[in-house]
Amino acid sequence: MSTGKDSTLKATGTTEGGLYQYDLTQGADGNFYFVKNTHKASNASSVIQAMAAAPANVANLQADTLSARQDAVRLSENDKGGVWIQYFGGKQKHTTAGNASYDLDVNGVMLGGDTRFMTEDGSWLAGVAMSSAKGDMTTMQSKGDTEGYSFHAYLSRQYNNGIFIDTAAQFGHYSNTADVRLMNGGGTIKADFNTNGFGAMVKGGYTWKDGNGLFIQPYAKLSALTLEGVDYQLNGVDVHSDSYNSVLGEAGTRVGYDFAVGNATVKPYLNLAALNEFSDGNKVRLGDESVNASIDGAAFRVGAGVQADITKNMGAYASLDYTKGDDIENPLQGVVGINVTW
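First residue of the sequence shown? That's 4 in the working numbering, and the numbers climb one at a time after it.
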């Protein structure tokens, strides 16, 4: 697009079309041109990328929340399984490979039941859970939300020598809506779609105790998730999102101390972990153009928490984490839970 050098321009310095923004630039011939800037995503591009990635963010947070329950049982002396409920949530900031930056505020509840039975060399924990969560998304001038419902099954093995193995599987359904506000008074358009997700997790580690209350728990975890591909329209233009995949590795250490407060037992701890997202090929297409909506790369997580056996039949636990990487920042992410056992 160009205008004569003697023309009076009434356009702003930036506009957008398709997946990208266009900057107004004066050429060597004195004419003005709108030049595509592939480092700046359009509002439409930011929204379709965020809508592709946000369900995976919510699903991974749901998986972390279930893992918190498995951790709490392992730390407890009294928990033999029972009914439990957890609140989880937090603020997330992400940037995709296609230069779409978005914020996601998530709040959710998870309810479950499990049973723990002893063996000669340790114990087993088996359970099921369900979760409801909502994530409010903002990106550039646009906003949207992701609502997710998930179902989980999990199995943990604890050995008397300190070795433990956690496994879990999940299925989730996610509804996504967005209001896309276009640049330069271009109005607002809507987008929506539904998708299903399937995930699995395995975690292994070792608990060392010094006999005086100190414990150290190194661990490694690998989780995988896939969301079904979807097709929908944005202002009459076809949008296709490939199956969105996440393969997340985590290695860390938990250090804590066990002490008594009256009749209760309390275990505060600190947690430090390194994470890496391996999946990097999640493409989204708008019309004839495609863009990479992956959020891959390394990050570090630091956190603190506490598990308490309040009575013989009731326990509580809470944790708060901060995560930072090149393309991700979770300034606040937490879980609060309570369990009743028998």
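Note that the Cβ used here is the ideal one computed from N, Cα and C, for glycine as well.
Which residues share a DSSP beta bridge with residue i?
i	result
asparagine 295	Lys286
isoleucine 166	Tyr209
lysine 94	Asp108, Leu335
glutamine 171	The sequence shown places alanine at residue 171, not glutamine. The partner list for alanine 171 (beta bridge, DSSP) reads Tyr157, Met204.
arginine 72	Arginine 72 pairs with nothing; no bridge assigned.
valine 348	No information on residue 348 is available, as it lies outside the stretch 4 to 345 that the chain covers here.
Take residue i as the anchor and find which of the options has the nearest alpha-carbon.
i	options	result
glycine 255	Thr210, Asp241, Val269, Ser249	Thr210
tryptophan 345	Ala71, Trp87, Val233, Leu69	Trp87
alanine 171	Asp32, Leu335, Glu123, Leu228	Leu228
valine 205	Asp169, Phe91, Gly340	Asp169
aspartate 26	Asp106, His42, Ile298	His42
glycine 265	Asp312, Pro271, Tyr247, Leu22	Asp312
serine 269	Glu80, Val38, Met186	Note that residue 269 is valine in the sequence shown, not serine. When only C-alpha atoms are compared, the closest one is Glu80.
valine 294	Gly151, Ser48, Ser145	Ser48
Is there a Cβ of chain C sitting closer than 9 Å to that of residue i, yes or no?
i	result
aspartate 245	Considering every chain present, this structure includes no chain C. It has just one protein chain.
Taking buried to mean at least 16 other C-beta atoms within 10 Å of its own C-beta, is residue i buried or exposed?
i	result
leucine 289	buried
glycine 115	buried
glutamine 29	exposed
asparagine 342	buried
glutamine 336	buried
threonine 198	buried
aspartate 329	exposed
threonine 314	exposed
phenylalanine 262	exposed
alanine 129	exposed
tyrosine 23	buried
Are residue i and residue j closer than 9 Å when you measure CB to CB?
i	j	result
threonine 142	valine 50	yes
leucine 275	phenylalanine 303	yes
alanine 136	histidine 155	no
glutamine 173	glycine 138	no
glycine 101	alanine 57	no
glutamine 220	valine 258	yes
glutamine 52	threonine 18	no
valine 309	phenylalanine 91	no
glutamate 2	serine 249	The structure shown has nothing for residue 2, since the chain only spans 4 to 345.
How far does the beta strand (DSSP E) with residue i in it extend, from its first residue to its last?
i	result
aspartate 245	No beta strand (DSSP E) holds aspartate 245; DSSP gives it neither H nor E.
glutamate 19	17 to 20
alanine 227	217 to 230
glutamine 310	300 to 312
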